[in-house]
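> Okay, so the sequence shown: first residue is 54 according to this note's numbering, each after it adds one.
Using N, Cα and C, we set each Cβ at its ideal position, and we do this for glycine too.
Treat the numbers as computed from the prediction; the structure is a model and nothing was measured.
I have a structure I would like to understand better, so I am pasting it below and will then ask my questions one at a time.
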Amino acid sequence: MSSATSDAGSQIKRIPVKKPTWRDLHDLKEAGESYDELLGRMIRRERDYRDWKMIVEIEETGEFVAFDPDDLLEDD
54 MSSATSDAGS
64 QIKRIPVKKP
74 TWRDLHDLKE
84 AGESYDELLG
94 RMIRRERDYR
104 DWKMIVEIEE
114 TGEFVAFDPD
124 DLLEDD
């Protein structure tokens, strides 16, 4: 069950987690870091990982086409 409260115009969401999950999150949290900041950091890492994984897959399949960045900038 989730609930939301209003906090200075931004909405706060409650995410229920089991105690073992909460302990794992707590262990990952740095001193002074909020859970919102921790989750944001975890999201950025996951996005970076997915981007890296996509690049590796492109390199392995040979679907990568090299380009000259200067050519792209000339059109601006």
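Check whether the Cβ of residue 66 lies closer than 7 Å to any heavy atom of the ligand HEM, and answer yes or no.
With respect to the ligand HEM, the structure offers nothing, as it holds no ligand at all.
> Curious, which full-length alpha helix (DSSP H) runs of at least 4 residues does the region 91-128 contain?
Fully enclosed alpha helix (DSSP H) runs of 4 or longer: 122-127.
> Express the C-alpha separation of residue 99 and residue 115 in angstroms, rounding to a whole number.
24 Å
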